[in-house]
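Here's the structure we're looking at; comments come further down.
2 protein chains.
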Amino acid sequence: MAQTNPPFMSGVPELLVLRLLARQEMYGYEIVRAVRLVTGEAITLGEGVIYPVLHGLERSGAVRAKRKAVNGRTRVYYSLTTKGRLRFDRLTNEWDRISGGIHSALGDREHANA
Amino acid sequence: MAQTNPPFMSGVPELLVLRLLARQEMYGYEIVRAVRLVTGEAITLGEGVIYPVLHGLERSGAVRAKRKAVNGRTRVYYSLTTKGRLRFDRLTNEWDRISGGIHSALGDREHANA
DNA sequence: TGACATGCCTCGAACCACAAAGTACGCTGA
DNA sequence: TCAGCGTACTTTGTGGTTCGAGGCATGTCA
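For the record, the sequence lines run as chains B and R. Note that my numbering has the first sequence beginning at 1, numbered continuously upward. Note that my numbering has the second sequence beginning at 1001, numbered continuously upward.
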């Protein structure tokens, strides 16, 4: 049912969340919409994906949570810690390595029609 | 132990196998070494990854297997079917979409240091 | 005889992305 | 007053997938 493990998406939610939080602190619902924006509509992540990622990152000390009351509503703002910054750098390198490798492999696509 | 679900690797083995077989027929062990080569050492896939992928692709009709005796050893050569060709095209589009989205999101990395 | 490369295969574990649904609040309009 | 909608956070269950380790067999070379 849940079309799980779609191709090429492992690790991507975490990378995108870290990327957004590297720029500025944000809250979950905001991140959900921001992901669509910054990826040019190419990637959409539901709340069921974002919140667990956020909680996992907080548990591992990569982000810090701060509750704020806005319009009588409570929002949980997340910001990157030094540890999160490191994790983001490491993940980015990893992404560059993998996507670079695949780019090489896909290479000259016109020659693929053997 | 088995460091499963490494970031950014879901769907990648299948894509690479299809890519190699789109060029020419190959056997499992050969594919293992070829992956290292065509990705510029960026990606290494063990036999424990390649063989299950091959079997899955065969089961779904994307590749055809042909046994050949070479030097008294039996090799199983795999070649792409029309169905496999379609699957490869679809996966490639998917890869372009996702990697493009991430590229946009990562965008100007110097501005990431908020 | 032993060691090593080739070649195919299986197994179990852990991880994690996802959809769906549930809770709750505040605003607006009828 | 009540319905409906957008915001905001959360939990649950599922299942697909990669991965390391290792088993088995053959051929070659020393």
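Each residue gets a CB set at the ideal place from its N, CA and C atoms; glycine is no exception. Nothing here was measured: the structure is a model prediction, and the numbers come from that model.
Secondary structure, alpha helix (DSSP H): runs of 4+ residues fully inside the region 40-99 of chain B: Listed in chain order, the complete alpha helix (DSSP H) runs (minimum 4 residues) inside the region 40-99 of chain B are 47-59.
Rounded straight-line distance, which links the Cα of Trp1095/R to that of Ser104/B: By 1-based counting over the first sequence, the position of residue 104/B is 104. By 1-based counting over the second sequence, the position of residue 1095/R is 95. Those two C-alpha atoms are separated by around 13 Å.
CB contact check: Met26/B to chain R, cutoff 8 Å: By 1-based counting over the first sequence, the position of residue 26/B is 26. Output row for Met26/B: interface = no.
Within 8 Å, strictly: CB atoms of Leu16/B and Leu80/B: As a working note, residue 16/B is residue 16 in the first sequence. As a working note, residue 80/B is residue 80 in the first sequence. No, these two residues do not count as a Cβ contact at 8 Å.
Near-chain R residues of the region 27-48 of chain B (beta-carbon distance less than 7 Å), N- to C-terminal order: Along the region 27-48 of chain B, the positions whose C-beta sits under 7 Å from a C-beta of chain R are Val38, Thr39, Gly40, Ala42 and Ile43, read in chain order.
Contact list for Ser104/B against chain R, beta-carbon separation under 8 Å: Mapped onto the first sequence, residue 104/B falls at position 104. Those are Val1038, Thr1039, Gly1040 and Ala1042, listed as they occur along chain R.
Three CB pairs or more closer than 8 Å across the region 76-93 of chain B and the region 23-34 of chain B: Touching, yes.
Cross-chain neighbours of Leu1091/R in chain B, by beta carbon under 9 Å: Walking along the second sequence from the start, residue 1091/R turns up at place 91. Ordered by position in chain B, the residues that pass the 9 Å Cβ test against Leu1091/R are Pro7 and Phe8.
Straight-line gap, Thr44/B to Val35/B (C-alpha atoms, nearest Å): As a first step, residue 44/B must be located in the first sequence, where it is residue number 44. As a first step, residue 35/B must be located in the first sequence, where it is residue number 35. The alpha-carbon atoms of Thr44/B and Val35/B are separated by roughly 7 Å.
8 Å Cβ cutoff met for Leu1091/R and Gly1040/R: Locating residue 1091/R in the second sequence gives position 91, where the first residue counts as 1. Locating residue 1040/R in the second sequence gives position 40, where the first residue counts as 1. No, Cβ-Cβ distance for Leu1091/R and Gly1040/R is not below 8 Å.
Cβ pair Arg1087/R, Ala1065/R closer than 8 Å: By 1-based counting over the second sequence, the position of residue 1087/R is 87. By 1-based counting over the second sequence, the position of residue 1065/R is 65. With contacts defined by Cβ atoms closer than 8 Å, Arg1087/R and Ala1065/R do not form a contacting pair.
is_contact[Ile1050/R, chain B] using C-beta, thresh 8 Å: Numbered from 1 along the second sequence, position 50 holds the residue referred to as residue 1050/R. It does not; no Cβ of chain B falls within 8 Å.
Chain-ordered neighbours of Ser1060/R on chain B, where CB pairs are closer than 7 Å: Here the question's residue 1060/R lines up with position 60 in the second sequence. By Cβ distance, chain B contributes nothing, its closest Cβ being about 14 Å from Ser1060/R, past 7 Å.
CB contact below 8 Å: Lys1066/R versus chain B: The residue you call residue 1066/R lines up with position 66 of the second sequence. Among the residues facing chain B, Lys1066/R is not included, as its CB has no counterpart in that chain under 8 Å away.
C-alpha distance - Gly100/B paired with Glu1047/R, whole-angstrom precision: Here residue 100/B refers to the residue found at position 100 when the first sequence is read from its first residue. Here residue 1047/R refers to the residue found at position 47 when the second sequence is read from its first residue. Gly100/B and Glu1047/R: Cα-Cα distance of roughly 22 Å.
Alpha-carbon to alpha-carbon, Arg85/B and Ala22/B: Sequence index remark: in the first sequence, residue 22/B carries index 22 (1-based). Sequence index remark: in the first sequence, residue 85/B carries index 85 (1-based). Ala22/B and Arg85/B: Cα-Cα distance of roughly 7 Å.
Opposing strand residues paired with Tyr1027/R [DSSP bridges]: Here residue 1027/R refers to the residue found at position 27 when the second sequence is read from its first residue. Answer is Tyr1077/R, bridged to Tyr1027/R.
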